[in-house]
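*Asks:* Please find one structure pasted underneath; my questions will follow.
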Amino acid sequence: MAASRLAVANRRRRADVKRQVKSGELSLEELFDLAGREECVAQMRAYDLISALPAIGEVKAERIMRNASIAKTRRIRGLGPKQRAELFRALVR
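In the working numbering, the protein residues as written are 4 to 96.
The structure is reproduced here in C-alpha coordinates:
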(Lines of atoms letter the chains of each structure in order from A and count residues from 1; the text may use other names and numbers.)
(Lines give C-alpha, C1' and ligand atoms only; values in the text may rest on other atoms or scores of the structure.)
Protein backbone atom coordinates (compact mmCIF):
# COMPACT_ATOMS: atom_id res chain seq x y z
CA MET A 1 0.00 0.00 0.00
CA ALA A 2 2.86 2.38 0.82
CA ALA A 3 4.53 1.64 -2.52
CA SER A 4 1.31 2.48 -4.33
CA ARG A 5 1.05 5.82 -2.51
CA LEU A 6 4.69 6.59 -3.32
CA ALA A 7 4.13 5.78 -7.01
CA VAL A 8 1.11 8.09 -7.16
CA ALA A 9 3.05 10.87 -5.43
CA ASN A 10 5.93 10.46 -7.90
CA ARG A 11 3.59 10.60 -10.92
CA ARG A 12 1.96 13.75 -9.54
CA ARG A 13 5.37 15.36 -8.96
CA ARG A 14 6.50 14.56 -12.51
CA ALA A 15 3.22 15.95 -13.88
CA ASP A 16 3.76 19.13 -11.85
CA VAL A 17 7.31 19.48 -13.17
CA LYS A 18 6.08 19.02 -16.76
CA ARG A 19 3.44 21.69 -16.16
CA GLN A 20 6.13 24.07 -14.85
CA VAL A 21 8.33 23.39 -17.88
CA LYS A 22 5.41 23.93 -20.26
CA SER A 23 4.47 27.25 -18.62
CA GLY A 24 8.08 28.47 -18.57
CA GLU A 25 8.30 28.59 -14.76
CA LEU A 26 11.13 26.05 -14.85
CA SER A 27 14.05 26.33 -17.28
CA LEU A 28 15.93 23.39 -18.73
CA GLU A 29 18.96 24.13 -16.56
CA GLU A 30 16.80 24.31 -13.42
CA LEU A 31 15.16 21.04 -14.38
CA PHE A 32 18.51 19.24 -14.63
CA ASP A 33 19.49 20.68 -11.23
CA LEU A 34 16.19 19.45 -9.81
CA ALA A 35 16.76 16.00 -11.32
CA GLY A 36 20.04 15.86 -9.42
CA ARG A 37 18.17 16.39 -6.16
CA GLU A 38 14.91 14.52 -6.73
CA GLU A 39 14.86 10.87 -7.80
CA CYS A 40 11.33 11.00 -9.19
CA VAL A 41 12.29 13.86 -11.55
CA ALA A 42 15.45 12.00 -12.62
CA GLN A 43 13.23 9.06 -13.62
CA MET A 44 11.23 11.18 -16.09
CA ARG A 45 11.71 10.22 -19.72
CA ALA A 46 13.71 12.71 -21.76
CA TYR A 47 11.07 12.56 -24.51
CA ASP A 48 8.37 13.64 -22.04
CA LEU A 49 10.55 16.56 -20.95
CA ILE A 50 11.28 17.73 -24.50
CA SER A 51 7.70 17.39 -25.70
CA ALA A 52 6.49 19.36 -22.65
CA LEU A 53 8.51 22.41 -23.69
CA PRO A 54 6.55 25.29 -25.23
CA ALA A 55 6.37 25.32 -29.06
CA ILE A 56 7.72 21.77 -29.36
CA GLY A 57 5.43 19.05 -30.61
CA GLU A 58 5.95 15.35 -31.10
CA VAL A 59 7.66 15.61 -34.49
CA LYS A 60 10.10 18.30 -33.39
CA ALA A 61 10.82 16.42 -30.13
CA GLU A 62 11.64 13.25 -32.08
CA ARG A 63 13.92 15.20 -34.43
CA ILE A 64 15.76 16.83 -31.50
CA MET A 65 16.22 13.46 -29.82
CA ARG A 66 17.44 11.82 -33.03
CA ASN A 67 19.97 14.64 -33.61
CA ALA A 68 21.21 14.32 -30.00
CA SER A 69 21.44 10.50 -30.29
CA ILE A 70 18.96 9.98 -27.46
CA ALA A 71 16.73 6.90 -27.43
CA LYS A 72 13.04 7.59 -26.94
CA THR A 73 13.05 5.51 -23.75
CA ARG A 74 16.06 7.27 -22.16
CA ARG A 75 15.49 8.83 -18.76
CA ILE A 76 16.84 12.23 -17.69
CA ARG A 77 19.23 10.55 -15.27
CA GLY A 78 20.70 8.46 -18.10
CA LEU A 79 21.64 11.36 -20.37
CA GLY A 80 25.37 11.72 -20.91
CA PRO A 81 27.25 15.03 -20.97
CA LYS A 82 27.30 15.17 -24.79
CA GLN A 83 23.56 14.46 -24.97
CA ARG A 84 22.81 17.18 -22.39
CA ALA A 85 25.01 19.64 -24.28
CA GLU A 86 23.20 18.80 -27.53
CA LEU A 87 19.83 19.34 -25.84
CA PHE A 88 20.91 22.73 -24.51
CA ARG A 89 22.19 23.66 -27.97
CA ALA A 90 18.88 22.65 -29.59
CA LEU A 91 16.50 24.02 -26.96
CA VAL A 92 18.04 27.02 -25.20
CA ARG A 93 17.87 30.18 -27.24
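The beta-carbon is built from N, C-alpha and C at its ideal position, and this holds for glycine as well.
I need the boundaries of the alpha helix (DSSP H) containing E65, first residue and last residue.
*Replies:* The sequence position of residue 65 within the sequence shown is 62, counting from 1. First-last of the alpha helix (DSSP H) with E65: E61 to N70.
*Asks:* Considering Cα atoms alone, identify which of L94, L90 and K21 is closest to A55.
*Replies:* Indexing the sequence shown from 1 puts residue 55 at position 52. The option with the nearest alpha carbon to A55 is K21.
*Asks:* Could you check the C-alpha separation between E65 and R78 for me, to the nearest Å?
*Replies:* Along the sequence shown, one-based indexing puts residue 65 at 62. Along the sequence shown, one-based indexing puts residue 78 at 75. For E65 and R78, the distance between alpha carbons rounds to 15 Å.
*Asks:* Where does the unbroken alpha helix (DSSP H) through A55 begin, and where does it stop?
*Replies:* On the sequence shown, residue 55 is found 52 positions in, with the first residue counted as 1. Looking at the DSSP string, the run of the alpha helix (DSSP H) that includes A55 is A49 to A55.
*Asks:* Apply the 10 Å Cβ neighbour rule to R69 and answer buried if 16 or more other Cβ atoms are within range, or exposed otherwise.
*Replies:* For the purposes of this step, residue 69 is taken as the residue at position 66 of the sequence shown. The residue is exposed, with fewer than 16 neighbouring Cβ atoms inside 10 Å.
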